[in-house]
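Read left to right, the sequence shown gives residues 1 to 145 (the working numbering).
By construction, the Cβ of each residue, glycine as well, lies at the ideal position given by its N, Cα and C atoms.
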Amino acid sequence: MKFPQSTRIFTGRLDPAPWLTVFFLLIIFLLLAGLVYTPGVRVQLPDAVGLPGTDKPTVAVALAQNGQLFFENQLIEPAQLKKRLQTVAQKSPESVVLIIRADKAARHESVLDLVLLAREIGITEVLVATLPRPFEPTKPAPSTR
């Protein structure tokens, strides 16, 4: 079909109302997204590269910098934690993996206490949660020519 040469794709005034609406909705979304409460204990995890995860049922315990333990977002004593982990391990048909979300400033002794507690219960696999490091490309080796 041949169109006459005088036909233009866009003629008329560009209406700013739809653009302003989208812009204001975007601003509202960005402002409110920062105010969303994320449940749990704020823990600064250490960085690590290339560590495997697990596909087995998991139970997470958070260890704060000051040594406090949190299970299911509640402060818990080690004796209570042992009972709760025993209950979870007995209910699971396959072996449970304990994930320790330890703050990077937490004492190693506290982490080892959790590992020993898990072994007493019969949990044989314990993982320490980490954050993946950002990808850093390797630099090429300098040439010797």
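Pick from Lys83, Ala129, Gln74, Leu35 that is closest to Ala102, judged by C-alpha positions: Looking up residue 102 in the sequence shown gives position 102. Taking only the C-alpha atoms, the option nearest Ala102 is Ala129.
Per DSSP, cross-strand counterpart(s) of Ala60: Walking along the sequence shown from the start, residue 60 turns up at place 60. DSSP lists Ile99 as partners of Ala60.
Ala89 to Ala64 span [Cα, whole Å]: Mapped onto the sequence shown, residue 89 falls at position 89. Mapped onto the sequence shown, residue 64 falls at position 64. Roughly 23 Å separates the two Cα atoms.
Spatial distance of Lys83 from Lys104 (CA atoms): Start at 1 with the first residue of the sequence shown, and residue 83 comes out as number 83. Start at 1 with the first residue of the sequence shown, and residue 104 comes out as number 104. The C-alpha of Lys83 lies about 26 Å from the C-alpha of Lys104.
Straight-line gap, Ala79 to Lys56 (C-alpha atoms, nearest Å): As a working note, residue 79 is residue 79 in the sequence shown. As a working note, residue 56 is residue 56 in the sequence shown. Rounded to whole angstroms, Ala79 to Lys56 spans 25 Å at the Cα level.
Span separating the alpha-carbon of Leu131 from that of Ala62: Residue 131 sits at position 131 when you count from the first residue of the sequence shown. Residue 62 sits at position 62 when you count from the first residue of the sequence shown. Whole-angstrom Cα-Cα distance: 14 Å.
Leu127 in three-state terms, based on DSSP: What you label residue 127 is simply residue 127 of the sequence shown in a count that begins at 1. Here Leu127 sits in strand by DSSP.
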